[in-house]
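Asks: The sequence shown lines up with residues 1 to 604 when you count with the UniProt record's numbering.
All C-beta atoms, glycine included, are put in the ideal place defined by N, C-alpha and C.
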Amino acid sequence: MSAQIPEEVVEEVRRSNDIVDVIGDYIQLKKQGRNYFGLCPFHGEKTPSFSVTQDKQIFHCFGCGKGGNVVTFIMEIEGYTFYEALRLLSERSGVALPVNARQPTSSMSQENQNILSASEWMTKLYHHLLRYTKDGKEGYQYFKERGIADETIDAFQLGFAPNIKDFTAEFLTKKGFHQQLLVKAGLLSVNEDNTADDRFRGRVIFPIRNHLGKTVAFGGRTVANQEPKYLNSPESELFQKGKLLYNFDLAKKHIRKQSEAVLFEGYMDVISAYQAGVKNAVATLGTSLTEAQAQLLRRYVDTVIICYDADAAGTEAAYKASVTLQKAGCHVKIANLQENMDPDDYISEYGSETFRREVIQSSLTFTSFYMRYLKKDFNLSLEADRIQYIENVLEYIATIDSPVEREYYLNEISQAYHVSMESLQQEIQVHREKMGPTKDKIKKNRYTNREATDKRTKKLLPAFHNAERQLMAYMLQDASITDKVQEEIGASFNIDDHKIIATHLYAYYEEQQNPDVSSFVEMLTDNRLKELVTEIAMIPVHATITHDEINDYIRMIRAENSNQQSIQSLKAEQRLAEQQNDPIKAAGIAMQIIELQKQWKSIK
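1. Rounded to a whole number of angstroms, what is the C-alpha to C-alpha distance between Asn551 and Ile500?
2. Shortest alpha-carbon distance to Val22 belongs to which of Val10, His542, Asp548 and Arg92?
3. Exposed or buried, which one is Arg372 when buried takes at least 16 other CB atoms within 10 Å?
4. Can you tell me where the beta strand (DSSP E) holding Arg203 begins and where it ends?
5. Out of Asp497, Ala537, Met523 and Phe493, point me to the one whose CA is closest to Gln477's CA.
6. Shortest alpha-carbon distance to Glu427 belongs to which of Asp401, Asn392, Ala276 and Asp377?
7. For Asn69, which residues does DSSP report across the bridge?
8. Closer than 8 angstroms by C-beta to Leu238: which residues in its own chain qualify, once you throw out the five before and the five after it? Chain order, please.
9. Report yes or no: do the stretch 197–213 and the stretch 124–143 share at least 3 C-beta pairs separated by less than 8 angstroms?
10. Which residue spans inside the stretch 459–522 form an unbroken alpha helix (DSSP H) run of at least 4?
11. Would you call the stretch 462–471 and the stretch 486–497 touching, i.e. three or more CB-CB distances under 8 angstroms?
12. So, with DSSP's three-state summary, where would you put Thr53?
13. Could you spell out where the beta strand (DSSP E) holding Lys31 opens and where it closes?
14. Would you kindly report the start and end of the unbroken alpha helix (DSSP H) that includes Val533?
15. In the structure shown, what three-state DSSP assignment does Thr222 receive?
16. Spatial neighbours of Leu297 within its chain, please: CB distance less than 6 angstroms, with the 5 preceding and 5 following residues excluded, ordered by chain position.
17. Classify Ile584: buried if its beta carbon has 16 or more other beta carbons within 10 angstroms, exposed otherwise.
18. Contact criterion: CB-CB distance below 8 angstroms. Does Thr365 meet it with respect to chain C?
19. On the three-state DSSP scale, how would you describe Ile347?
20. Can you tell me which residues form a DSSP beta bridge with Asn35?
21. In the DSSP assignment, what are the bridge partners of Gly159?
22. In chain order, what residues of the same chain lie with their CB nearer than 7 angstroms to the CB of Ile545, ignoring the 5 residues before and after it?
23. Distance, Cα to Cα, Glu11 vs Ala328?
24. For Phe264 and Ala310, I'd like the C-alpha separation in whole angstroms.
25. In the DSSP assignment, the beta strand (DSSP E) including Lys333 goes from what residue to what residue?
Shown next, in the form of structure tokens:
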């Protein structure tokens with residue numbers, strides 16, 4: 001924790017950022033009972049095991065064990081230092097940090113910080129030139145001809161790089177940036193005479209931002225028939241196009257609100273759709289959808305609508321993207337775009353309302369799309385091809401779990417190709433029998449179904465261990481119980497980690513009377529202990545507990561402690577007998593130890 005920031009300021013920042021809202025900016029959370037559940041952003045999983053408790057302001061993953069409070073989460077997810085996480089949360093909530101609060105070290109290298117700074121300057125410069133100068137008139141006219149309003153230009157910070165050789169180089173040099181860094185960042189290109197000029201000159205500019213809204217790269221499109229037509233920044237530590245989605249920073253709040261994302265292929269499709277009221281729009285960055293991008297979408301949403309160009313290449317790309325998204329666990333739909341049209345052209349021709357109603361809201365199920373997609377491989381005027389096509393479709397329909405959905409599509413095939421429902425259902429039955437037992441994909445209460453609750457736990461814990469954990473869960477939420485435990489057994493827990501946590505907890509309650517798990521976690525410096533505390537804090541406890549129940553836990557802990565002390569004492573006697581060359585006495589003591597261990601095991 002930074003000594004420069006007063007404790008009360010840290011506490012104010014933490015309390016002003018509700019953990020459910022903050023984590024909800026990174027993953028889709030669904031409420032089940034008192035807790036919220038989602039897919040863990042720290043390890044791959046398809047069944048949610050990541051839990052967030054609003055009243056305690058903590059999170060814990062029952063899969064990988066990560067846990068902590070809102071500050072810990074930001075540090076983990078962003079790779080930030082404590083100060084950087086606190087600064088992000090303070091900016092988010094409007095709670096000001098002290099003016100003189102500075103941290104000399106950063107999680108990001110100085111070079112990357114400089115590249116981000118240079119990129120931010122260029123974003124502002126390109127945008128200003130486009131909107132307010134003669135040098136940007138050519139670019140401004142391009143967007144106007146494409147029907148893009150000033151408000152949309154501002155929202156996306158669209159810009160223009162004038163076709164002036166050293167314009168950008170001079171501007172950035174005057175701002176104190178070195179040419180070598182700018183070339184490495186892909187903002188400048190080196191010529192044969194070792195001079196540098198703007199990589200994007202003569203192009204309209206699309207800033208590419210990360211999920212925090214920071215420009216990490218640029219896309220440029222020529223307005224003067226240059227080659228190549230489109231040009232992106234080179235990949236770097238800050239810009240890995242297979243892990244980012246264009247417009248994700250603006251779209252994520254709309255994705256959460258609407259519970260679905262719309263995936264496009266290009267910048268202009270996203271911009272036009274956003275202007276048309278489809279605010280949950282994102283796009284890949286010139287490549288096929290990657291597994292990382294699909295997993296990013298899955299963390300936020302269940303349903304993804306793919307809206308690619310309705311030509312042969314776009315249909316093929318949509319199919320591949322569908323497969324990738326389904327592997328990530330997404331429910332996929334395909335936008336109902338007219339053949340050989342792209343989203344931008346459709347909006348220009350038919351308008352925003354029609355696009356939303358007829359294309360996005362009327363999206364096809366993946367099965368309907370797949371049935372159309374398969375037709376490209378067959379000549380359906382030929383009987384053999386028709387039969388083979390039906391066989392291929394039936395093979396896919398057999399994988400659908402819902403009997404109602406299966407029957408719906410079988411009806412469609414029956415009517416289109418004059419095949420009886422009976423024969424189609426028989427064929428489906430054959431395929432399903434070959435598949436073997438199918439899993440029930442609709443699990444009851446899937447967000448609270450913790451298979452082996454903690455996947456890291458390989459065996460059942462001893463009774464005394466569970467007693468210590470249960471007692472500590474009560475101690476974390478009740479200072480009076482903690483006082484009683486401190487008086488009765490102090491730090492004489494049997495598990496070393498529990499001894500350390502108890503000692504910290506006693507100190508915490510001396511300084512602060514009110515129980516607050518999130519605040520307590522903040523004072524711990526060991527990440528492993530933070531995770532253990534949040535895990536224990538997630539243990540279900542009763543709203544009230546009697547003194548007798550607390551005493552039972554204490555008695556069990558004391559009994560284990562006493563037993564261990566007896567065994568340790570006997571082991572000391574055994575070592576002494578061995579040192580005194582008395583093997584008969586040593587063997588007799590060994591038998592006592594074994595017998596004591598057997599008796600204690602049978603009692604437990």
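Replies: From the atom records:
1. As a working mapping, residue 551 is identified with position 551 in the sequence shown. As a working mapping, residue 500 is identified with position 500 in the sequence shown. When rounded, the distance between both Cα atoms is 21 angstroms.
2. Looking up residue 22 in the sequence shown gives position 22. Out of Val10, His542, Asp548 and Arg92, Arg92 has the C-alpha closest to the C-alpha of Val22.
3. On the sequence shown, position 372 is the one that residue 372 refers to. It counts as exposed.
4. Along the sequence shown, read from residue 1 onward, the residue named residue 203 stands at position 203. Arg203 to Arg209 is the span of the beta strand (DSSP E), which, as asked, contains Arg203.
5. As a working note, residue 477 is residue 477 in the sequence shown. It is Ala537.
6. The residue labelled residue 427 in the question sits at position 427 within the sequence shown. Answer by Cα proximity: Asn392.
7. In the sequence shown, residue 69 corresponds to position 69, counting from 1. Beta-bridge pairing links Asn69 to no other residue.
8. Mapped onto the sequence shown, residue 238 falls at position 238. Answer for Leu238: Asn112, Ile115, Leu116, Asn210, Val216 and Ala217, listed in chain order.
9. yes
10. 463–477, 479–489 and 496–511
11. yes
12. The residue you call residue 53 lines up with position 53 of the sequence shown. In this structure, Thr53 counts as strand in the three-state DSSP scheme.
13. Here residue 31 corresponds to residue number 31 of the sequence shown, with the count starting at 1. Lys30 to Gln32 is the extent of the beta strand (DSSP E) around Lys31.
14. Along the sequence shown, read from residue 1 onward, the residue named residue 533 stands at position 533. Asn527 to Ala537 is the extent of the alpha helix (DSSP H) around Val533.
15. Counting from 1 along the sequence shown, the entry for residue 222 is found at position 222. Three-state result, Thr222: strand.
16. As a working note, residue 297 is residue 297 in the sequence shown. If we look at Leu297 and ignore the five residues flanking it on each side, its Cβ neighbours are Ala261 and Val304.
17. Here residue 584 is taken as the residue at index 584 of the sequence shown, counted from 1. The residue is exposed, with fewer than 16 neighbouring Cβ atoms inside 10 Å.
18. Protein chains in the displayed structure number just one, and chain C is not present.
19. Taking the sequence shown and counting its residues from 1, one reaches residue 347 at position 347. Of the three classes helix, strand and coil, the one that applies to Ile347 here is helix, per DSSP.
20. Here residue 35 is taken as the residue at index 35 of the sequence shown, counted from 1. In DSSP, Asn35 forms a bridge with Gln32 and Thr53.
21. For the purposes of this step, residue 159 is identified with residue 159 of the sequence shown, where counting begins at 1. Looking at the DSSP assignment, Gly159 forms a beta bridge with Ile205.
22. Position 545 of the sequence shown, counted from the start, is the residue given in the question as residue 545. Closer than 7 angstroms at the Cβ level, and outside the excluded window around Ile545, lie Tyr474.
23. For the purposes of this step, residue 11 is taken as the residue at position 11 of the sequence shown. For the purposes of this step, residue 328 is taken as the residue at position 328 of the sequence shown. Computed Cα separation, rounded: 38 angstroms.
24. Position 264 of the sequence shown holds residue 264. Position 310 of the sequence shown holds residue 310. Answer to the nearest angstrom: the Cα atoms are 12 angstroms apart.
25. Reading the sequence shown from its first residue, position 333 is the one you call residue 333. Element bounds for Lys333: His331 to Ile334.
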